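Since the structure comes first, as C-alpha cells, the remarks are kept for the end.
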Amino acid sequence: MNFPALLVFAVSLFLSPLSHGYKTFEYCNGTSWIKFQGHCYLFQASYRNRVSFYDAEDFCRSQGAYLVSIHSEAENDFLLTTSEEGGFGGRFWIGLNELVGKSTEQWSDGSNVDFLKKVPKEFYVNEKCFILMRSQKGWRPEHCALHYAPICKRRENAVPTPIPPITPPPPRKGNCPKDWIQFGGKCYKYFGGNATERLLYKQARNACWALGNNTDLVSIHNMEEQGKKCLPTRR
C-alpha cells in the first residue's frame, strides 16, 4: 500500500533541478552552476565531455567564464569534494598552464598565481597544461592536446557574456626536419618500419614528446590526412 507514495518521492527527486549526482548543492540563481565563496562553478562530468585544453577554455569562455583558477586550500578542497559528491569524476582541466614558458605558471583568467598544489610527475616533457586530480588532491601537468572535462568559474554577480576564444599556438609552416613530410602546415614522420621501433602506446607517446618542438602522436581529422599514414606529428 505504500508503493505509490514511494514512487512519487522517487520521481520528484529525479526531476529536481537542484540535485545532481549524489548530492544537492547550492546553485547560482537556479542554474547548474554551483556556488562557493562569491563564485559560480560549472562541472562537466569527466567520463564524458572530454576535450583538449584549448577547447575546454573556449567552452568556458562561451559561457562567460574561464577555466577555473584556484587561490586557496579551501577552494581546492571544495573542487575535490564537489567532484566526488556530485559524481562528476576525478580528472579535470583547470586554467593553470605554462604556455609562456616552462616553470612560468599563469592562470588563463589572468589572476595572480598565489597558490599552488602541483604534484610530482616522473616524466615531464612538453606538458604545459594542468589537470586537477582528485586521487592526488592536487594538480598535474599534462599535454594540452589530451582530453579531459573542464571546470569553469565566474563571479557570482557577473553577467554571463561570451568571451572571445583563445588562439592556440599557430602551426609552423614548412621547415620540417630531414626525413619528415610536410602536410597542412605540420610535419609528419612514420616510425616502426622495423621491429625495434615498435612500441606500446605509452612508450610511443613518450618517444614523441622527447623529440620536443610540440611533437606528439598523430591526430587525424579528415580523409586526406588519413591517406598520408604518417606518425607522429610535429608543429
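Letter 27 of the sequence shown, counting from 1, is numbered 27 in full-length UniProt numbering, and no numbers are missing.
Where a beta carbon is used, it is the ideal one built from N, C-alpha and C, also for glycine.
Computed from a predicted model, the values in this text were never measured in an experiment.
Distance between residue j and residue i (C-alpha atoms, nearest Å)
i: GLY55; j: ALA195; result: Before going further, note that residue 55 is Asp rather than Gly in the sequence given. Approximately 37 Å between the Cα atoms of the pair.
i: GLY21; j: THR82; result: Residue placement at GLY21 is flagged as unreliable, the pLDDT there being 45, under the threshold of 50; a coordinate-derived value is accordingly withheld.
i: GLY87; j: ALA207; result: 35 Å
i: PRO171; j: LEU116; result: With a pLDDT of 48 at PRO171, under the threshold of 50, the modelled position of that residue is not reliable, and the figure given next carries that caveat. The straight-line gap from Cα to Cα measures roughly 31 Å.
i: ALA210; j: ALA204; result: 10 Å
i: ILE166; j: SER69; result: 16 Å
i: PRO164; j: GLU197; result: 43 Å
i: GLU84; j: SER135; result: 10 Å
i: ASP114; j: GLN182; result: 42 Å
i: ALA158; j: GLU142; result: 30 Å
i: GLU127; j: ARG154; result: 26 Å
i: TYR47; j: HIS147; result: 10 Å
i: GLY110; j: HIS71; result: 12 Å
i: SER52; j: ASP58; result: 10 Å
i: LEU18; j: TYR27; result: With a pLDDT of only 40 at LEU18, under 50, the local geometry of the prediction cannot be trusted, and the value read off the model is given with reservation. Each residue's alpha carbon lies about 7 Å from the other.
Beta carbon of residue i nearer than 8 Å to that of residue j
i: CYS144; j: GLN63; result: no
i: ALA65; j: LEU42; result: yes
i: ILE131; j: TRP93; result: yes
i: ALA149; j: GLN44; result: yes
i: ARG140; j: LYS121; result: yes
i: ASN97; j: CYS60; result: no
Counterpart residues of residue i in DSSP-defined beta bridges
i: GLN182; result: CYS187
i: PHE115; result: According to DSSP, which records beta bridges pairwise, PHE115 is partnered with nothing at all.
i: LYS35; result: CYS40
i: TYR66; result: LYS153
i: ASN97; result: GLN106 and CYS129
i: TYR148; result: VAL51
i: PHE92; result: LEU132 and ALA149
(request) Could you tell me whether the stretch 86-105 touches the stretch 176-192, where touching means 3 or more Cβ pairs closer than 8 Å? (result) Output reads no: the stretch 176-192 does not touch the stretch 86-105.
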